[in-house]
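In this note's numbering, the protein residues as written are 3 to 222.
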């Protein structure tokens, strides 16, 4: 019996020692795992390029730089759009355009360029001529005998051919950003649906700069 008790006591002591050992081993394993996870989190988040806080950089630094560049590009586009819209608004609500609108008879209505181009074939057959049309000269080429210009309004732009007599009678009056008011303008539509207007001295009503009326004919 005594021997049995001694053996049980020894077994109990061995069991306790084994439990303590296993517990310590488990604690060590948990601590090691925690250290590994902690290091993984740090390594995943930042990389120290050089000592000190300034050396902490994002691991995906290139991606961050690309996002920054994309943000700047998008911001510049938005700014350009705002500036362009503001300039366009000013162009058609002040200066030469406003002077022209002030001269327009109240019973007359301007045809917009987009509508003319969309219904060019119909207009060329029915109307033959556009009653009233105005535009800002966006481009002018004096090289041909009959200068070629592009005029625009808020809806769009259209090509035009000016008879050379206008340039002779009113030299230096036509230029970019001047406004031209026309009456009974001929519309040309080719087989390939190219649309163009023909401007003669009989169609010219007036020409405007930002500050004054440059030309006035008996049509005004």
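Glycine included, C-beta positions come from ideal geometry on N, C-alpha and C.
Proximity of residue i and residue j at Cβ, strictly below 8 Å
{"i": "residue 111", "j": "residue 144", "result": "no"}
{"i": "residue 201", "j": "residue 171", "result": "no"}
{"i": "residue 140", "j": "residue 132", "result": "no"}
Among the options, nearest to residue i - alpha-carbon criterion
{"i": "residue 96", "options": "213, 221, 162", "result": "213"}
{"i": "residue 183", "options": "167, 136, 220, 168", "result": "136"}
{"i": "residue 165", "options": "108, 206, 220", "result": "206"}
{"i": "residue 149", "options": "198, 218, 114", "result": "198"}
{"i": "residue 94", "options": "138, 174, 126", "result": "138"}
{"i": "residue 151", "options": "130, 124, 176, 128", "result": "176"}
{"i": "residue 187", "options": "109, 174, 113", "result": "113"}
{"i": "residue 124", "options": "195, 204, 219, 203", "result": "195"}
Near the ligand MN: residue i beta-carbon under 7 Å from a heavy atom
{"i": "residue 92", "result": "You won't find the ligand MN in this model; it holds no ligand whatsoever."}
Proximal residues to residue i (C-beta, below 6 Å), its chain only, five neighbours per side dropped
{"i": "residue 99", "result": "181"}
{"i": "residue 221", "result": "185, 207"}
{"i": "residue 107", "result": "none"}
{"i": "residue 129", "result": "none"}
{"i": "residue 203", "result": "167, 168"}
{"i": "residue 78", "result": "In this prediction, residue 78 has a pLDDT of 46, which is less than 50 and means its spatial position is unreliable; what the coordinates show is noted afterwards. Excluding sequence neighbours, residue 78 sits near nothing in its chain."}
{"i": "residue 218", "result": "208"}
Cut-off 7 Å between Cβ atoms - residues of its own chain near residue i, not counting five sequence neighbours on either side
{"i": "residue 210", "result": "98, 101, 102, 180, 181, 216"}
{"i": "residue 109", "result": "none"}
Residues of its chain near residue i, where Cβ-Cβ distance is below 8 Å and the 5 sequence neighbours each way are ignored
{"i": "residue 115", "result": "135, 137, 153, 154, 155, 157, 158, 159, 160"}
{"i": "residue 178", "result": "139, 140, 141, 142"}
{"i": "residue 126", "result": "189, 190, 191"}
Check: Would you call the region 140-155 and the region 185-193 touching, i.e. three or more CB-CB distances under 8 Å?
Finding: no
Next item on the list: Decide yes or no for the touch test of the region 116-128 against the region 155-165: beta carbon pairs closer than 8 Å, at least 3 of them.
Entry: In short, these stretches touch, since the Cβ pair count reaches three.
Notebook entry, point to check: Enumerated in chain order, which unbroken segments of the alpha helix (DSSP H) with a length of 4 residues or greater are wholly contained in the region 119-167?
Noted result: Along the region 119-167, the alpha helix (DSSP H) occurs as fully enclosed runs of 4 or more residues at 122-128, listed in sequence order.
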